[in-house]
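Everything below concerns the one structure shown next.
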Amino acid sequence: MRILNEDFYRRSAVEVAWDLPGKVLVHQTEEGVTSGMIVEAEAYYQGDPACHATRGKTKRNAPMFGPPGRAYVYFIYGNHFCFNAVTGEEERGEAVLVRALEPLEGVELMWRRRGSDRPYRKLTGGPGNLCAALAITREQNEASLLEPPLYIADTGKEVPSEEVVVTTRVGISRGEEELLRFYIKDNPHVSRR
DNA sequence: GCTTTGATGCACT
DNA sequence: GTGCATCAAAGCG
Numbered sequence: 001m002r003i004l005n006e007d008f009y010r011r012s013a014v015e016v017a018w019d020l021p022g023k024v025l026v027h028q029t030e031e032g033v034t035s036g037m038i039v040e041a042e043a044y045y046q047g048d049p050a051c052h053a054t055r056g057k058t059k060r061n062a063p064m065f066g067p068p069g070r071a072y073v074y075f076i077y078g079n080h081f082c083f084n085a086v087t088g089e090e091e092r093g094e095a096v097l098v099r100a101l102e103p104l105e106g107v108e109l110m111w112r113r114r115g116s117d118r119p120y121r122k123l124t125g126g127p128g129n130l131c132a133a134l135a136i137t138r139e140q141n142e143a144s145l146l147e148p149p150l151y152i153a154d155t156g157k158e159v160p161s162e163e164v165v166v167t168t169r170v171g172i173s174r175g176e177e178e179l180l181r182f183y184i185k186d187n188p189h190v191s192r193r
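Each residue of the first sequence is one higher than the one before, starting from 1 at the first, in this note's numbering.
Here it is as structure tokens:
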């Protein structure tokens with residue numbers, strides 16, 4: 001597998017979000033390697049009222065204004081982490097939220113982290129779930145995605161464009177009208193259709 | 001410095 | 001389908 005380079009991320013969030021389904025997110029930890037195919041992603045860009053960066057740079061969203069190819073991990077609702085890949089040129093304030101994975105490596109480890117009574121589809125389905133399964137926390141905030149232990153790789157297999165569905169985003173209270181969400185058709189790990 | 005609320009998930013009805 | 005856990009940062013004053 002080929003690790004995606006900076007040029008991949010140095011594009012608009014919408015373009016990157018379109019290309020991410022089918023790519024593989026990998027996290028190597030002391031416990032072992034966990035990875036999964038990205039099956040759902042959403043684009044956020046400055047000017048979008050729902051984007052964290054829409055009101056300029058703050059302490060929380062500073063990674064979104066940094067160089068592309070970094071992680072932006074933030075804590076939400078007291079319990080949950082969400083993982084984003086920073087895209088676009090520096091100071092643009094763009095990112096792509098990874099919402100769901102299909103487990104590949106380290107499934108046993110994910111089960112151990114999550115509890116064994118969990119339905120398989122919920123193991124990495126949903127932004128909070130995939131972060132818990134891959135052990136992504138605040139510590140991975142601003143980490144580079146261009147090299148191990150945390151990176152996104154290209155399997156060489158492209159997802160046919162007719163299998164990628166474009167729709168509106170989830171959980172947005174403002175500006176729901178735009179079609180910025182991309183997911184793989186009929187994949188059981190996608191939370192909402 | 002105090003209040004509000006959110007790019008959620010889960011247990012429960 | 002509804003409610004709740006739980007907290008950091010934004011927003012306000």
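All C-beta atoms in this analysis are idealised placements derived from N, C-alpha and C, irrespective of residue type, glycine included. Nothing here was measured: the structure is a model prediction, and the numbers come from that model.
When the options are compared against residue i, the one with the closest alpha-carbon
| i | options | result |
| --- | --- | --- |
| Ala100 | Cys131, Gly171, Val107 and Gly78 | Cys131 |
| Leu109 | Ile76, Gly69 and Gln28 | Gln28 |
| Met1 | Trp18, Glu31 and Met37 | Met37 |
| Leu85 | Leu179, Leu20, Lys157 and Arg181 | A small correction: the amino acid at residue 85 is Ala; Leu does not occupy that position in the sequence shown. Ala85 has its Cα closest to that of Leu20, out of Leu179, Leu20, Lys157 and Arg181. |
| Val33 | Val107, Arg138 and Pro119 | Val107 |
| Val98 | Ile184, Arg10 and Asp7 | Ile184 |
| Glu94 | Tyr120, Gly125 and Arg55 | Arg55 |
| Val16 | Val24, Ser35, Glu42 and Leu25 | Glu42 |
| Phe8 | Val164, Lys122, Arg70 and Glu163 | Arg70 |
| Leu104 | Arg121, Val96, Arg181 and Arg92 | Arg121 |
Cβ-based burial, residue i [other Cβ within 10 Å; buried from 16]
| i | result |
| --- | --- |
| Ser161 | exposed |
| Ser173 | exposed |
| Asn141 | buried |
| Ile136 | buried |
| Arg138 | exposed |
| Arg112 | exposed |
| Thr58 | exposed |
| Pro127 | buried |
Whether residue i touches residue j by CB criterion (8 angstroms)
| i | j | result |
| --- | --- | --- |
| Leu134 | Ala143 | no |
| Val39 | Asn187 | yes |
| Val117 | Leu4 | What sits at residue 117 in the sequence shown is Asp, not Val. Taking 8 angstroms as the Cβ cut-off, Asp117 and Leu4 do not qualify as a contacting pair. |
Beta-bridge partners of residue i, as assigned by DSSP
| i | result |
| --- | --- |
| Pro103 | Gly36 |
| Ala71 | Ala85 |
| Arg60 | Arg60 is not bridged to any residue. |
| Val164 | Ile184 |
Taking only runs of the alpha helix (DSSP H) that begin and end inside the region 3-45, which ones reach a length of at least 4 residues, in chain order?
6-9 and 13-19
Mind pulling the beta strand (DSSP E) runs of 3 or more residues that sit fully within the region 76-162?
80-87, 94-103 and 150-154
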